[in-house]
Amino acid sequence: MFSAPVDRLITELARLPGIGQRTAQRLTFHILRVPEQEALGLAEAIREVKERVGLCELCFNLADGPRCQICLDERRERSLICVVEEPADVIPIERTHEYRGVYHVLGGALSPIDGVDPEDLKLAELTARVRAGGVKEVVIATNPTTTGEATAFYIAEAIRELGTEVAVTRLASGLPVGADLEYADEVTLGRALVGRRAF
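According to numbering that gives the first Met the number 0, the sequence shown holds residues 0 to 198 in order.
Laid out in C-alpha cells, this is it:
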C-alpha cells in the first residue's frame, strides 16, 4: 500500500508493546510530517540508548556505565535492598520518595511453564550480595502475580537458607487509597485484612 521504507517503519513501530497497526501508521505519518531534524533526533536517541545503556554490574538496573545512578549515590542506605523484577519497576518506587535503600533487579520472574528457571534470573547474584554482609533487610517487591509470588517465596527461602540475620519483607498489598470496599475483589480485600496494622 505504501512505499517500502514507509511499510518498514510501520512494521517496526507495530512491534513495540502497546502499539497496534493503526497507531504505528499514525506515528509513521507524524514522523514524515515533522522537520527532518526532529525525526533524526529520535533516530539518534534510539541509537544512543542502544549503544550506551547497559546493566549495572552490581544491581542490574539500567546504567550508562558500569554502575547505575542509584548505586553511585553515597546517600543511599546499602543495608537495605529492594528486589524488583525489571528495571521499569524501580521508577514507581523511586517516585514515592519513601525508599532510600538500593535495588536488585532480577530480570524477570520465575515461570517454569515459560522456561524461566532460577538460573535465568539474577538470584545467585542477590544471595551473593546478602552473603557478603552488611545487609539488614531485603524488601521483596515482585509483582503480585502468580509468577511474582512464586519468585518472592523462592527468594525468601534462599535468604533464610543462608543462615544470616537478614530480615525478609514483602511489600504490603491491599486496598488502593480512595477505593470503595464494594468494588474490591476478594483477593485484594483478603490481603488487606491479613496485612492490617495498628492505627
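Just so you know, even glycine gets a beta-carbon here, dropped at the ideal spot from N, CA and C. Remember, it's a predicted structure, so these values are computed and weren't measured experimentally.
- The beta carbon of S78 lies closer than 8 Å to those of G100, G133, V134, K135, E136 in the same chain, with the five residues before and after it left out.
- For the set T22, G173, L71, P91, the Cα lying nearest the Cα of R190 is the one of G173.
- In the same chain as R51, and ignoring 5 residues on each side of it, the C-beta atoms closer than 8 Å to its own belong to D63, in chain order.
- For S110, the beta-bridge partners assigned by DSSP are V115.
- Burial check for D88: the Cβ neighbour count within 10 Å reaches 16 or more, so the residue is buried.
- Comparing alpha carbon positions, the residue from D116, L71, Q24, R21 closest to C58 is L71.
- Partner residues in the beta bridge of G100, as assigned by DSSP, are E76.
- Taking C-beta atoms as the reference points, A108 and T150 count as a pair closer than 8 Å.
- A direct Cα-to-Cα measurement between I9 and I90 gives close to 29 Å.
- The region 159 to 167 makes no contact with the region 111 to 123; the number of CB pairs closer than 8 Å stays below 3.
- In this structure, DSSP gives E136 an extended state, which the three-state scheme calls strand.
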